[in-house]
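If you count by this note's numbering, then the sequence shown holds residues 242 to 618, one letter each, in order. Cβ coordinates follow ideal geometry from the N, Cα and C atoms, glycine included. For reference, the structure discussed in these notes is given below.
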Amino acid sequence: MTSKTEVDELLKKCVQCGSCILTCPIYRATLNESFSPRGKLYYLKLKDAYPEKFDDELAKEYSKTIFTCAVCGRCVEICTSEVKLTDIFREERKASVNDFPKLVQIGENISDEMNVYGLDNEMRAETWTMELYDDFPDIDDRIYSDGMTGDTILFVGCLMSFRNRHVNVLKSILKVMEHLDENFIILGGEEYCCGHPLDLLGKEEEADKLREHNTEVIHKAKTTTIVTDCPGCLEALIDHHKIDPSVKILHMTEYFDEKIESVPNKLNIKLKYHDPCELFRNSEVTTAPRSLLKKMGVEVIEMEPSCCGGGGMLRVTDEGIAQEIMDQRIEKENLEKEDTCVITCCPSCLEQYEQSGVTTWDITEYLVKALNLEEDK
Ligand code: SF4
Ligand code: SF4
Numbered sequence: 242m243t244s245k246t247e248v249d250e251l252l253k254k255c256v257q258c259g260s261c262i263l264t265c266p267i268y269r270a271t272l273n274e275s276f277s278p279r280g281k282l283y284y285l286k287l288k289d290a291y292p293e294k295f296d297d298e299l300a301k302e303y304s305k306t307i308f309t310c311a312v313c314g315r316c317v318e319i320c321t322s323e324v325k326l327t328d329i330f331r332e333e334r335k336a337s338v339n340d341f342p343k344l345v346q347i348g349e350n351i352s353d354e355m356n357v358y359g360l361d362n363e364m365r366a367e368t369w370t371m372e373l374y375d376d377f378p379d380i381d382d383r384i385y386s387d388g389m390t391g392d393t394i395l396f397v398g399c400l401m402s403f404r405n406r407h408v409n410v411l412k413s414i415l416k417v418m419e420h421l422d423e424n425f426i427i428l429g430g431e432e433y434c435c436g437h438p439l440d441l442l443g444k445e446e447e448a449d450k451l452r453e454h455n456t457e458v459i460h461k462a463k464t465t466t467i468v469t470d471c472p473g474c475l476e477a478l479i480d481h482h483k484i485d486p487s488v489k490i491l492h493m494t495e496y497f498d499e500k501i502e503s504v505p506n507k508l509n510i511k512l513k514y515h516d517p518c519e520l521f522r523n524s525e526v527t528t529a530p531r532s533l534l535k536k537m538g539v540e541v542i543e544m545e546p547s548c549c550g551g552g553g554m555l556r557v558t559d560e561g562i563a564q565e566i567m568d569q570r571i572e573k574e575n576l577e578k579e580d581t582c583v584i585t586c587c588p589s590c591l592e593q594y595e596q597s598g599v600t601t602w603d604i605t606e607y608l609v610k611a612l613n614l615e616e617d618k
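Shown next, in the form of structure tokens:
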């Protein structure tokens, strides 16, 4: 959590050089400096220096800019004055969140039902495991109940638990984990939202309550490793849960890259790899996905490590700008004209590409092909 004093200290570091402007996908999409990282800080400086001039109209403008951000971290990466802008934005969102009814609803969904969709949390595993009984008849035996233990926990996350697109990704993950003979469990209804969406709304205290529950269950299950495919969950598990440091917390690609030395069926294909911002900038996971892809016989075509427009709740606060960011990416990377698919390892990025008509796969969906597991079960 960033305190008001810390925000003030960070603000003082900003020399207003403007280096962060052109790198910001929001600025590129809007060409409006008020929405750029430096523009957002201007509002804040004005609020602090001249509170009497910061009337309701300015406050509303500020609140709009602070939520028009994909929290991609590119501004932080480029800032040589070490202004942690995303920390400031997260803290500042706390005061403005009530201006956005859809965000308020998401916050209530999580507080009431422990997931972003406000659905009965017991459905967390039911929705997708029902589609897997043919392939995994014993899947229920892997769903946690009190007293159960497992070496590894597959932390599924809200998006993958409730949205149909990801059933195939989960199926692929399960096939690979069973192939590796892993002793793993899924928390089902005992998995609560990791709190990452609440962090993006500036509601860290509420997020911490969910994390206390997850941490307790993880410790009770005597787990040594937690794996997740969702970069937001990964960040929340590593940075915000108070999990015993002896427990390894890994992204799916790190886990599989560690476990798999070689594959029987080299794919010999070229794919464009999208670095999910939260995985790449926040958790610094860049080597493992590329290493795994190389082992699979996939030649990675690099793209600019830029945002897909799907982060920071931007799809909820301004779908038009989120789409413009993706449209610019499609054009810059020639994704419409070229016949090459995109591969990634984040459920949110995957959906953002697919919703824009770009054929996109999770790495694990190809990994099952490389391991000859597609028709195994
Ligand atoms: S790059 Fe850093 S110092 Fe320069 S304007 Fe942006 S936040 Fe301020
Ligand atoms: S985090 Fe990303 S979207 Fe937000 S202001 Fe910085 S560069 Fe722009």
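Residue i versus residue j: straight-line alpha-carbon distance, rounded
{"i": "His481", "j": "Ser386", "result": "24 Å"}
{"i": "Gln569", "j": "Ile562", "result": "10 Å"}
{"i": "Cys474", "j": "Leu400", "result": "10 Å"}
{"i": "Ala290", "j": "Leu263", "result": "26 Å"}
{"i": "Val541", "j": "Gly388", "result": "44 Å"}
{"i": "Lys273", "j": "Glu349", "result": "Looking at the sequence provided, one finds Asn at residue 273 rather than Lys. When rounded, the distance between both Cα atoms is 32 Å."}
{"i": "Asn613", "j": "Ile571", "result": "32 Å"}
{"i": "Ala477", "j": "Gly436", "result": "7 Å"}
{"i": "Gly430", "j": "Arg383", "result": "12 Å"}
{"i": "Ile501", "j": "Thr494", "result": "10 Å"}
{"i": "Lys253", "j": "Leu439", "result": "27 Å"}
{"i": "Leu591", "j": "Asp376", "result": "24 Å"}
{"i": "Glu354", "j": "Leu428", "result": "15 Å"}
{"i": "Leu360", "j": "Lys343", "result": "16 Å"}
{"i": "Cys265", "j": "Gln257", "result": "15 Å"}
Strand pairing of residue i, partner residues [DSSP]
{"i": "Phe521", "result": "None, per the DSSP bridge assignment."}
{"i": "Trp602", "result": "Ile584"}
{"i": "Glu543", "result": "Tyr514"}
{"i": "Val468", "result": "Leu395 and Leu491"}
{"i": "Gly479", "result": "Per the sequence presented here, residue 479 reads as Ile, with Gly not at that position. None; Ile479 has no bridge partner."}
{"i": "Ile384", "result": "Ile427"}
Near ligand 3: residue i beta-carbon under 7 Å from a heavy atom
{"i": "Gln257", "result": "Within the structure as shown, ligand 3 is missing, the only ligands being ligand 1 and ligand 2."}
Neighbourhood of residue i by C-beta, 7 Å cutoff - its chain only, sequence neighbours within 5 removed
{"i": "Gly238", "result": "Outside the modelled stretch of the chain, which goes from 242 to 618, sits residue 238, for which no answer is possible."}
{"i": "Thr464", "result": "Gly391, Asp392, Thr393, Ile394 and Val488"}
C-beta neighbour in chain B for residue i, strict 8 Å
{"i": "Val408", "result": "In the structure shown, chain B cannot be found, because there is only a single protein chain."}
Residue i beta carbon near ligand 1 (any heavy atom closer than 7 Å)
{"i": "Ser275", "result": "no"}
{"i": "Val312", "result": "no"}
{"i": "Arg279", "result": "yes"}
beta-carbon residue i near ligand 2 non-hydrogen atom, thresh 7 Å
{"i": "Arg315", "result": "yes"}
{"i": "Thr264", "result": "yes"}
{"i": "Thr327", "result": "yes"}
{"i": "Cys548", "result": "yes"}
{"i": "Ile267", "result": "yes"}
Same chain, Cβ closer than 6 Å to residue i, neighbours up to 5 away in sequence not counted
{"i": "Tyr284", "result": "Tyr303"}
{"i": "Lys618", "result": "Because the pLDDT of Lys618 is 39, which lies under 50, any placement of that residue in the model is unreliable, and the number read from its coordinates should be weighed accordingly. Closer than 6 Å at the Cβ level, and outside the excluded window around Lys618, lie Asp376."}
Closer than 8 Å is the cut-off here; do at least three beta carbon pairs connect the stretch 445-458 with the stretch 403-416?
no
Looking at C-beta atoms only, is the number of pairs between the stretch 359-369 and the stretch 318-333 that lie closer than 8 Å three or more?
no
Are the stretch 520-539 and the stretch 488-507 touching by the rule of at least three beta carbon pairs closer than 8 Å?
yes
With three or more C-beta pairs closer than 8 Å as the rule, is the stretch 479-498 touching the stretch 453-463?
Yes: the two stretches touch, three or more of their Cβ pairs being nearer than 8 Å.
At least three beta-carbon pairs within less than 8 Å, the stretch 591-609 to the stretch 335-353
no
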